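Just remember that the working numbering sits 1031 ahead of the position in the sequence shown, which is counted from 1.
What follows is a set of notes on a single structure, which appears directly below.
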Amino acid sequence: MFTVAQRTIELDGLTPGEFLALAAISMTDLSWDHSWKDTHAIYARPHVRLFAWGERLSVRVQDGTALITCRQPKWKFLKPRQHEKNIDDLLEYMQHNRQIYSPQMLDNEQHLLLPDTHLTATERIVMAPDLPPATLLLIFLNIVYFIIFSVSTSSFWDADIMDIFDWGGNIRLHTLGGQGWRVITSCFLHFGILHLVTNMIALFLIGRLLEPVLGKAVFLISYICAGSMGSLLSVLIAGTRLSAGASGAIFGLYGVFLALLTTHLLSGEIKRLLFQGVFLFTAYALMDGMGEQVDNAAHVGGLVSGMLFGYIIFVGYYMRKNRYLAAGGISAITMAVIFSSLIYFHNDTIVYERMLQRLERLEHNALVPFTDIKTKTPDRQLSGLLNESRPAWNQFVRIIDSAQGFRFGNNKIYPMQKGILLRYGRLRISETEIWIRSLQTHDPMLAERDSIRTLVYEKFDSLQTLQRD
1032 MFTVAQRTIE LDGLTPGEFL ALAAISMTDL SWDHSWKDTH AIYARPHVRL FAWGERLSVR
1092 VQDGTALITC RQPKWKFLKP RQHEKNIDDL LEYMQHNRQI YSPQMLDNEQ HLLLPDTHLT
1152 ATERIVMAPD LPPATLLLIF LNIVYFIIFS VSTSSFWDAD IMDIFDWGGN IRLHTLGGQG
1212 WRVITSCFLH FGILHLVTNM IALFLIGRLL EPVLGKAVFL ISYICAGSMG SLLSVLIAGT
1272 RLSAGASGAI FGLYGVFLAL LTTHLLSGEI KRLLFQGVFL FTAYALMDGM GEQVDNAAHV
1332 GGLVSGMLFG YIIFVGYYMR KNRYLAAGGI SAITMAVIFS SLIYFHNDTI VYERMLQRLE
1392 RLEHNALVPF TDIKTKTPDR QLSGLLNESR PAWNQFVRII DSAQGFRFGN NKIYPMQKGI
1452 LLRYGRLRIS ETEIWIRSLQ THDPMLAERD SIRTLVYEKF DSLQTLQRD
């Protein structure tokens, strides 16, 4: 994964601290971002680029000598033997500065450059581990969820839409119809292995840059909150499209980083280089996502919310020096927006459709006593009407009454259907009561039965017409 070059250098009469101070001065002249790890070592990133992020140089003093180590990722498009050139450049600048700085001057510089327990954001990036733990945790969770999903559904390359839905995919009617948890579960669900791999590569690249600046907890919260906000915008805009994937959350992380790059949090050179890389990647990803199958609403929602979170983090984390203020601010805004949106845009379509299935069963049960009614004795007819039809129709009407406050969004059919069903149920109750009185009084009541039957059939025909429309 890396190629490594090393040189062992004599201290040339300097103390370890003076030698490291000379190295630090030379790194500054080379415009390398660097940071002291302890009194015996200093680290630098010679070239801060998105795809050269594993490149690192260290100078460690031990036993009267200095070991200079530089490593370079094995990317084909990077300059070969760049790690050797980095060491040569550093030694050249150190030799030049050795003639300018006396040991006393280097000793003074050493005291100014001693390690500080409060690292700047730039130093956090320079000294960042190659495998950021929170980023790896998110990648692990996405992969584990995908493995469990793939094994359970036998879909590895291209998942079935219904399987995605069953496992937590994000879709308007269900998310806004009481299943708000889908805005989070969809951030860990992917349509196939290629979808997963591309998202995890993007997550790893931004995680190596951003996690050292935010810290593990704020990074994880930013991922979940930005992903949830992207999912929310998706259901509000995308309509009936089923969406899933970590891209909304990842765009949110890029949004956080873009926001931080517009502040004075990072030093000039590293800011310029990182801004170019992150901006170009984000612009390319948005342009590449213009296809019909890509949920750009989630991308834009994640990006915009991520930029907002970035400024909240800057104010809370770095200006107020309060990690919990930043994390709390992000969480509070996300929960307020999501819960208020789920309430304001709540849609009862799914609940209503389940209700229709229940009404259909009640109607069937209520009409059973009328089956072959002429072949039954009057006592059996009366028993069926009292014990089956009457309770079923009463329950039918109570259920429809409970749906009076339902909201159906742009659906104009269901409110009309609900009103017709209510009148239909009440007519059926009246019809049943006429039959019961007729049997109890031994009066055929033919006129009343014919009249109510005509009204029932009219409402029934209205329902049939509405369903066809």
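Think of the CB as a built atom: it goes at the ideal place given N, C-alpha and C, for glycine as much as any other residue.
Owing to the predicted nature of the structure, the values given are computational and were not obtained by experimental measurement.
Proximity below 8 Å, CB of residue i to CB of residue j
{"i": "Ala1329", "j": "Ser1433", "result": "no"}
{"i": "Leu1245", "j": "Ile1344", "result": "yes"}
{"i": "Asp1064", "j": "Ala1075", "result": "yes"}
{"i": "Ala1036", "j": "Glu1115", "result": "yes"}
{"i": "Leu1251", "j": "Ala1165", "result": "yes"}
{"i": "Ile1369", "j": "Val1214", "result": "yes"}
{"i": "Leu1234", "j": "Ala1277", "result": "yes"}
{"i": "Trp1424", "j": "Arg1459", "result": "yes"}
{"i": "Leu1456", "j": "Phe1427", "result": "The sequence given here has Gly at residue 1456, not Leu. Taking 8 Å as the Cβ cut-off, Gly1456 and Phe1427 qualify as a contacting pair."}
{"i": "Pro1334", "j": "Phe1282", "result": "The residue you asked about is not Pro; residue 1334 is Leu in the sequence shown. Result yes, Cβ atoms of Leu1334 and Phe1282 sit closer than 8 Å."}
{"i": "Tyr1375", "j": "Phe1437", "result": "no"}
{"i": "Leu1273", "j": "Ile1192", "result": "yes"}
{"i": "Phe1132", "j": "Leu1053", "result": "Per the sequence presented here, residue 1132 reads as Tyr, with Phe not at that position. In contact: Tyr1132 and Leu1053 (Cβ atoms closer than 8 Å)."}
{"i": "Ser1217", "j": "Asn1201", "result": "yes"}
{"i": "Met1058", "j": "Leu1098", "result": "no"}
{"i": "Ile1255", "j": "Phe1222", "result": "no"}
{"i": "Gly1286", "j": "Gly1258", "result": "no"}
{"i": "Ile1170", "j": "Thr1096", "result": "no"}
{"i": "Leu1413", "j": "Ile1465", "result": "no"}
{"i": "Gly1359", "j": "Leu1291", "result": "no"}
Residue i, enclosing beta strand (DSSP E) - first and last residue
{"i": "Arg1076", "result": "1072-1076"}
{"i": "Ile1099", "result": "1096-1104"}
Exposure label - residue i; buried when at least 16 CB within 10 Å
{"i": "Ser1336", "result": "buried"}
{"i": "Pro1163", "result": "buried"}
{"i": "Asp1094", "result": "exposed"}
{"i": "Glu1462", "result": "buried"}
{"i": "Leu1172", "result": "exposed"}
{"i": "Leu1284", "result": "buried"}
{"i": "Trp1212", "result": "exposed"}
{"i": "Trp1188", "result": "exposed"}
{"i": "Asp1379", "result": "buried"}
{"i": "Ala1367", "result": "exposed"}
{"i": "Glu1049", "result": "buried"}
{"i": "Arg1411", "result": "exposed"}
{"i": "Met1338", "result": "buried"}
{"i": "Gln1130", "result": "exposed"}
{"i": "His1149", "result": "Only weak support is given to the placement of His1149: the predicted model assigns it a pLDDT of 48, under 50, and the question is left unresolved by the model."}
{"i": "Leu1452", "result": "buried"}
{"i": "His1567", "result": "Limits of the chain in this structure are 1032 at one end and 1500 at the other, which puts residue 1567 out of reach."}
{"i": "Gln1471", "result": "exposed"}
{"i": "Asn1441", "result": "exposed"}
{"i": "Ser1420", "result": "buried"}
{"i": "Val1182", "result": "exposed"}
{"i": "Leu1225", "result": "exposed"}
{"i": "Ser1371", "result": "exposed"}
{"i": "Arg1203", "result": "buried"}
{"i": "Pro1409", "result": "exposed"}
{"i": "Arg1239", "result": "buried"}
Reduced DSSP category for residue i - H, G, I as helix; E, B as strand; rest coil
{"i": "Glu1086", "result": "coil"}
{"i": "His1377", "result": "coil"}
{"i": "His1519", "result": "No answer is possible for residue 1519: it lies beyond the span of the chain, which begins at 1032 and ends at 1500."}
{"i": "Ser1274", "result": "strand"}
{"i": "Gln1037", "result": "strand"}
{"i": "Asn1442", "result": "coil"}
{"i": "Pro1163", "result": "coil"}
{"i": "Gln1135", "result": "helix"}
{"i": "Gln1435", "result": "coil"}
{"i": "Gly1322", "result": "Because the pLDDT of Gly1322 is 48, which lies under 50, any placement of that residue in the model is unreliable, and the question is left without a value."}
{"i": "Arg1112", "result": "coil"}
{"i": "Gln1471", "result": "helix"}
{"i": "Gln1448", "result": "helix"}
{"i": "Asn1353", "result": "coil"}
{"i": "Gln1130", "result": "coil"}
{"i": "Gln1426", "result": "helix"}
{"i": "Gln1388", "result": "helix"}
Residue i CB to nearest heavy atom of the ligand FMN below 7 Å
{"i": "Met1447", "result": "As for the ligand FMN, it is missing from this structure, which has no ligand bound."}
CB-CB length for residue i against residue j, believed under 8 Å
{"i": "Arg1087", "j": "Arg1102", "result": "6 Å"}
{"i": "Met1260", "j": "Gly1209", "result": "The pair is not a contact, with the Cβ atoms about 20 Å apart (cut-off 8 Å)."}
{"i": "His1377", "j": "Leu1207", "result": "6 Å"}
{"i": "Leu1045", "j": "Pro1134", "result": "6 Å"}
Residue i - containing alpha helix (DSSP H), residue span
{"i": "Gln1412", "result": "1409-1415"}
{"i": "Gly1048", "result": "1047-1060"}
{"i": "Ser1185", "result": "Note, Ser1185: premise wrong, no alpha helix (DSSP H); not H, not E."}
{"i": "His1330", "result": "1327-1344"}
{"i": "Gly1258", "result": "1247-1268"}
{"i": "Val1214", "result": "1213-1216"}
Any C-beta of chain C under 8 Å from that of residue i
{"i": "Gly1199", "result": "The structure shown contains no chain C; it holds only a single protein chain."}
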